[in-house]
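Chains as they are written, first to last, in this note's numbering: chain F, 1 to 390; chain E, 1001 to 1254.
We put the beta carbon where it would ideally sit given N, CA and C, even for glycine.
Note that this is a predicted model, so its numbers are computed, not measured.
Take a look at the structure set out below.
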Amino acid sequence: MSQFMGTDYFDLESLLSEDELAIQNMVYDFVRKEFMPLIHEHHQNETFPVGIVQKLGELGLLGANLPQEYGSAGVTDVAYGLIMHELERGDSGLRSFASVQGSLVMYPIWRYGSKEQKEKWLPKLASGEAIGCFGLTEPDYGSNPSGMIARARRQGDSYILNGTKMWITNGTLADLSLVWAKDENDIVRGFLVEKGTPGFTAQKMTGKLSLRVSDTAELILGDCRIPAENVLPGIEGMKGPLSCLTQARYGISWGVIGAAMACYEIALQYAKDRVQFDKPIGAYQLTQKKLVEMVTEITKAQLMAIQLGRLKEKGKMRHQQVSMAKMSNVAMARDVARTAREILGANGIMEDYHVMRHMMNLETVYTYEGTHEINTLVVGSDITGLDAFQ
Amino acid sequence: MKICVLIKQVPSSDALIKLNNDSTWIKEDTVVFAINESDSFALEEALQIKEQTGEGEVVVVSLGPDRVQRAIREALAKGADRGIRIKESFPYSSDPFEIASLFAAAIKDDKFDLILSGLQSDDLGSGQTGVILGELLGMSTATLVVETKLSGESIRVKRELESGWFQWVTMPLPASITIQSGINSPRYASLKGIMSAKKKEIRLIEKKELSGSIPSLQSIEHVYFPQKTKRTEMIEGSVDQVVEKLTEIIQRNY
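What follows is the structure in structure tokens.
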């Protein structure tokens, strides 16, 4: 019997180490017992269960693939992917929290930050004592972030930040915001803005019908003065934020398989239990075709994710490959969730069956961190040598 | 404080059970195994006692085939210091007396102050191993424990009795105690715990090295699913007639 907790049609287990399996099992268990009992309340109230952050930190689940030097667990990239898989099997909002914390805040500080910045922030972010957010997208600049309006003006030992960032996950919760803005030379730089800095406000965005268990905010910077040493010294230009997005997209490409698996397993069970015309609906060819296509697509996504992870561990992963995996696996999960909803009939729209929540969440995942279309064009450009959007 | 925790790996509670061909046990290859629930609470209690006293070690002991290694690793990942596995090729071939005798032989030189185990296993549910082991090693024993308080050379435990009654018992150490589920909140293994677990020692002992003079007192003859039967009989008439009929049925069947 597979030790992998979940659908494993092609013996994924044999491609995982003992530690990776133990980590997957643990996170599966943790999400089931500690997070799922909270899900309906937070989904209804459009709130993030902040109490879980410290637990995630204690277990080492935040920025888990970064080296141990600054308090992270230092697990393999595949183990990191499996963590995202299990978190998103609970809810895309939970995985989004961890993606932002680990890939979009801890990763750039670790990769581009000064020694002081690393020492000050990484242990706190790893333990969950501090929460981070990543401010890149602006109201008018989504797929073309390089057009950003946000500005940073040097004044003595300070930078003065002005601008607005939108759709920022963890925005109102964050103790630390990594804000990307252009300096006087029109070069994009990363700035660390601490909670409570005068001129900085984070406003919660409400009314979302997707990713409701996720804190989304608008960040407003009005003559926000920060110390000059809060700039990330190790990076200039768009490759800074884009390299972070590559990390986050990697996690998404694993995470959405978890959401798809949750939907598939619920639909499979339902199809075996639900009797119509004197037999389970799973006995009808139309339903079987749906279930078979779901498990087939999940299996393909798993194999793509694991190979991508092993390439990443060898330092051979290219960002275009990550775009392909993000694009392909999110589209897969979105389709699987929708098909699961169909199989469940009327029950499919009820919160107790979870699939509609996943389905709504995946609408966001489909267009964030690089829309499906932009990631498609990244791969298009890679294979043809011809840029379609730049 | 040296604490031993007995861990049994059992089919997980949501496992789909199928019987083997000669109905002597279940088909293991279709089942996911997990640490017996009350044993997880025993392990947590041991880890907390070690953390409170600030010294000593927690050793997990288990009997079974190779799959049991995983349960021991999980306990090590949660914080146990080392493991002992008695290797048994055919699972479920030992009865509680035999298992306790094997454990006694394996750990007698360790001179544990405390042995903790779950109150019973979720598969066979004999509920005897911890007590017999305590007796064999000349320890005090208590079952169904829902709270522990350690003080010097003795331990005070709260036992769950019937009908909502509890009992406090103070016993000298060393003691073997069986733990009721719900006594604490078992922790999850952290990632660092998982990654450091494989550096911890698991001593492997062949069952035959220990079992020389231990008699086998029980064996499983036959296992079967509870037979589901349902029969409805409508009783009609006045209250007195219904009561009389009911009494008659109950007397006839019991």
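Check                                                                                                                                                                                         : Outcome
Which first and last residues belong to the beta strand (DSSP E) in which F/Lys182 is found?                                                                                                  : Leu176 to Lys182
How do the stretch 103-111 of chain F and the stretch 237-256 of chain F stand: do at least 3 beta-carbon pairs fall below 8 Å, yes or no?                                                    : yes
Taking C-beta pairs closer than 8 Å, name the residues in chain E that F/Gly60 reaches, listed in chain order.                                                                                : Ser1190, Leu1191 and Lys1192
Starting from E/Arg1073, find everything on chain F with Cβ-Cβ shorter than 9 Å and list it in chain order.                                                                                   : Glu18 and Ala22
E/Ile1155: which of E/Val1169, E/Ser1163 and E/Val1146 sits nearest, CA to CA?                                                                                                                : E/Val1169
Which residues of chain E have a Cβ atom closer than 8 Å to the Cβ of F/Asp29, listed in chain order?                                                                                         : Tyr1188
Can you pull the chain E residues whose beta carbon is under 8 Å from the beta carbon of F/Val75, in chain order?                                                                             : Leu1191 and Met1195
For the 8 Å Cβ check, are there 3 or more pairs between the stretch 1066-1073 of chain E and the stretch 1001-1021 of chain E?                                                                : yes
Report the option in F/Gln68, F/Asn185 and F/Leu136 whose CA atom is closest to the CA atom of F/Gly163.                                                                                      : F/Leu136
The alpha helix (DSSP H) with F/Asp273 in it runs from where to where?                                                                                                                        : Lys239 to Asp273
By the three-class DSSP mapping on this structure, what secondary structure does F/Met1 have?                                                                                                 : At F/Met1 the pLDDT is 49, less than 50, meaning the model places this residue with poor confidence; the figure from the coordinates comes in the next sentence. If DSSP states are grouped into helix, strand and coil, F/Met1 belongs with coil.
So which residues on chain E does F/Ala64 lean against when the C-beta distance must stay under 9 Å?                                                                                          : Leu1191
Which stretch, first to last residue, makes up the alpha helix (DSSP H) that contains E/Arg1073?                                                                                              : Val1068 to Lys1078
Taking only beta-carbon atoms, is E/Lys1198 less than 9 Å away from chain F?                                                                                                                  : yes
Should F/Ser177 and F/Lys195 be called a contact, given that it needs their Cβ atoms to be closer than 9 Å?                                                                                   : yes
Which first and last residues belong to the alpha helix (DSSP H) in which F/Ile374 is found?                                                                                                  : His372 to Thr384
I'd like the list of long-range same chain contacts for F/Leu79, defined as Cβ closer than 6 Å, with 5 residues on each side in sequence excluded.                                            : Reading off the sequence shown, one finds Ala at residue 79 of chain F, where the question assumed Leu. Here the set comprises Glu20 and Ile23.
For the stretch 1075-1096 of chain E, list every residue whose C-beta sits within 7 Å of some C-beta in chain F, in sequence order.                                                           : Ala1077
May I ask you to check if the CB of F/Leu242 is nearer than 8 Å to at least one heavy atom of the ligand HEM?                                                                                 : As far as ligands go, the structure on display features none, and thus does not contain the ligand HEM.
Could you give the DSSP three-state label for E/Gly1237: helix, strand or coil?                                                                                                               : coil
Tell me the residue span of the alpha helix (DSSP H) that contains F/Glu116.                                                                                                                  : Lys115 to Ser127
Alpha carbon to alpha carbon, what distance is there between E/Gly1056 and E/Ser1176?                                                                                                         : 17 Å
What does the Cβ neighbour count give for E/Tyr1224, buried or exposed, with the cut at 16 atoms within 10 Å?                                                                                 : exposed
Taking DSSP's pairing of strands, which residues face E/Trp1168 in a bridge?                                                                                                                  : E/Lys1158
How would you label F/Ile383, buried or exposed, when you count the other beta carbons within 10 angstroms and need 16 or more for buried?                                                    : exposed
To the nearest angstrom, how far is the alpha carbon of F/Met1 from that of E/Val1032?                                                                                                        : Caution is warranted here: a pLDDT of 49 is assigned to F/Met1, below 50, making its placement in the model unreliable, and the coordinate value is therefore given only provisionally. Cα to Cα, F/Met1 sits roughly 6 Å from E/Val1032.
Please classify E/Ser1013: is it buried, with 16 or more other beta-carbons within 10 angstroms of its beta-carbon, or exposed?                                                               : exposed
Between E/Val1058, E/Gln1167, E/Gly1193 and E/Ile1220, which lies nearest to E/Ser1023 when the distance is taken from Cα to Cα?                                                              : E/Ile1220
I'd like to know if F/Met106 contacts chain E, where contact means its C-beta is closer than 9 Å to some C-beta of that chain.                                                                : no
Alpha carbon to alpha carbon, how far is F/Arg338 from F/Lys290?                                                                                                                              : 11 Å
In angstroms, rounded to a whole number, what distance separates the CA positions of F/Asn170 and F/Gly258?                                                                                   : 21 Å
Can the beta-carbon of E/Arg1159 be found closer than 9 Å to that of E/Leu1047?                                                                                                               : no
Within 9 Å of any Cβ in chain F, is that where the Cβ of E/Val1032 sits?                                                                                                                      : yes
Which word fits F/Ala346, buried or exposed, when buried means at least 16 other C-beta atoms lie within 10 angstroms of its C-beta?                                                          : exposed
Listed from N- to C-terminal order along the chain, which residues in the stretch 353-371 of chain F have their beta-carbon within a distance smaller than 7 Å of any beta-carbon of chain E? : none
Between the stretch 81-97 of chain F and the stretch 252-267 of chain F, do three or more beta carbon pairs fall short of 8 Å?                                                                : yes
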